[in-house]
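Undergrad:
In the working numbering, the protein residues as written are 175 to 260.
(1) So who's on the other strand from residue 186, going by DSSP bridges?
(2) Please go through the same chain and pick out, in chain order, the residues whose beta-carbon is closer than 7 Å to the beta-carbon of residue 243, but skip the five residues on each side of it.
(3) By DSSP's criteria, residue 236 is part of a beta bridge. Which residues make up the other side?
(4) Under 9 Å between C-beta atoms, does residue 247 make it to chain D?
(5) What is the rounded straight-line gap between the Cα of residue 253 and the Cα of residue 246?
Right under this line is the structure:
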């Protein structure tokens with residue numbers, strides 16, 4: 175069965191920011207990733223991909239992707255930066 179990848183795009187490398195905060199490391203470079211567009215990369219490899227920015231778009235895109243039976247799909251959802259730091 176085909177697979178659907180859900181990518182949460184927050185324009186940063188949040189897991190490394192979280193780890194740096196945990197280890198009390200400040201100023202780690204390269205953790206802001208505003209140009210990393212996973213959906214565009216997927217499309218470049220011939221994988222159908224959707225960018226969504228609302229709950230309704232996400233619901234529709236996921237239903238459509240899961241129903242597809244001709245290969246993988248990528249759904250990229252924008253989320254707020256820093257939302258898991260607290």
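For every residue, glycine included, the Cβ atom is placed at its ideal position computed from N, Cα and C.
Quick caveat, the model's predicted, so the values are computed rather than measured.
TA: Based on what the coordinates show:
(1) 206
(2) 176
(3) Paired residues: none, contrary to the question.
(4) In the structure shown, chain D does not exist; there is a single protein chain.
(5) 22 Å
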